[in-house]
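Colleague: Heads up, the sequence shown is in my numbering, so the first residue is 13 and it goes up one at a time. Sharing a structure here in structure tokens format.
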Amino acid sequence: MQAGPTTTTTAGPGADRYAMSGRQGFTVDLAVQDASWGTRFDWGCSYGGKDWAADGSVMYDLVVVRTDGRTQTVGTWTAAGEDASGLAATTDIQRADISGVQVRLHDGGLTLASVDL
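Right, dumping it as structure tokens:
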């Protein structure tokens, strides 16, 4: 899984942007923005050409990895169609205390894409 800076995710000024590539063509455009109260995440993703039915059968988690190794799920969404956009989540964890972000399958925890911040 690879990641690098990108400018395709819509977010406020000062956000760090990342393009994450994962298993089976799964891609995520992620913006991470520091705030006085914690950290904001804005993202969109593409499911590698798979067109999911909106039946709730596939769910994903956006997971924050803290610098001490602990993890926290900050967002969960259901796959529907070929992509998702306009997703957002916040946490009271300060940006300086976050070492990485992962996208995992909700039911099994399999990491599909990740990035070190």
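The beta carbon of each residue, even a glycine, is placed where N, CA and C say it ideally should be.
From aspartate 73 to glycine 98, what does the alpha carbon distance come to, in whole angstroms?
Modeller: Within the sequence shown, numbered from 1, the residue matching residue 73 stands at position 61. Within the sequence shown, numbered from 1, the residue matching residue 98 stands at position 86. Aspartate 73 and glycine 98: Cα-Cα distance of roughly 15 Å.
Colleague: Would alanine 101 and valine 86 qualify as a contact pair, given that the criterion is a beta-carbon distance under 9 Å?
Modeller: Mapped onto the sequence shown, residue 101 falls at position 89. Mapped onto the sequence shown, residue 86 falls at position 74. For alanine 101 and valine 86, yes; Cβs fall inside 9 Å.
Colleague: By how many angstroms is the C-alpha of serine 58 removed from the C-alpha of tryptophan 64?
Modeller: Mapped onto the sequence shown, residue 64 falls at position 52. Mapped onto the sequence shown, residue 58 falls at position 46. If you take the alpha carbons of tryptophan 64 and serine 58, they lie about 11 Å apart.
Colleague: If contacts are defined as beta-carbon pairs under 8 Å, then threonine 115 and alanine 125 qualify, I think. What distance do you get, rounded to the angstrom?
Modeller: The residue you call residue 115 lines up with position 103 of the sequence shown. The residue you call residue 125 lines up with position 113 of the sequence shown. Reading the sequence as shown, one finds valine at residue 115 and not threonine. The C-beta distance from valine 115 to alanine 125 rounds to 5 Å, short enough to fall under 8 Å.
Colleague: Going by beta carbon distance, what residues of the same chain come within less than 6 Å of alanine 27, once the five residues before and after it are set aside?
Modeller: One-based indexing of the sequence shown puts residue 27 at position 15. Excluding residues within five positions, the ones whose Cβ falls inside 6 Å are Ala43, Gln45.
Colleague: How would you write the range of the beta strand (DSSP E) that glutamine 84 sits in, first residue to last?
Modeller: Position 72 of the sequence shown, counting from 1, holds the residue named residue 84. Note, glutamine 84: beta strand (DSSP E), 83-90.
Colleague: Which whole-angstrom value describes the C-beta separation of methionine 71 and tryptophan 55, a residue pair presumed to lie in contact below a C-beta threshold of 8 Å?
Modeller: Start at 1 with the first residue of the sequence shown, and residue 71 comes out as number 59. Start at 1 with the first residue of the sequence shown, and residue 55 comes out as number 43. The pair is not a contact, with the Cβ atoms about 15 Å apart (cut-off 8 Å).
Colleague: Can you look up aspartate 119 in the DSSP assignment and give me helix, strand or coil?
Modeller: As a position in the sequence shown, residue 119 is number 107, starting the count at 1. Note: aspartate 119 maps to coil in three-state DSSP.
Colleague: Could you tell me which of Gly112, Gly120, Leu122, His118 sits nearest to phenylalanine 53, measuring between CA atoms?
Modeller: Position 41 of the sequence shown, counted from the start, is the residue given in the question as residue 53. Measuring from the Cα of phenylalanine 53, the nearest candidate turns out to be Gly112.
Colleague: Identify every residue that forms a DSSP beta bridge with alanine 65.
Modeller: Here residue 65 refers to the residue found at position 53 when the sequence shown is read from its first residue. Paired residues: none, contrary to the question.
Colleague: Report the rounded CA-to-CA distance for aspartate 104 versus arginine 82, giving the unit in angstroms.
Modeller: Here the question's residue 104 lines up with position 92 in the sequence shown. Here the question's residue 82 lines up with position 70 in the sequence shown. Their backbone Cα atoms lie some 14 Å apart in a straight line.
Colleague: In whole angstroms, give me the CA-to-CA distance for glycine 120 and aspartate 95.
Modeller: Stepping through the sequence shown from its first residue, residue 120 is reached at position 108. Stepping through the sequence shown from its first residue, residue 95 is reached at position 83. So the two alpha carbons sit approximately 21 Å from each other.
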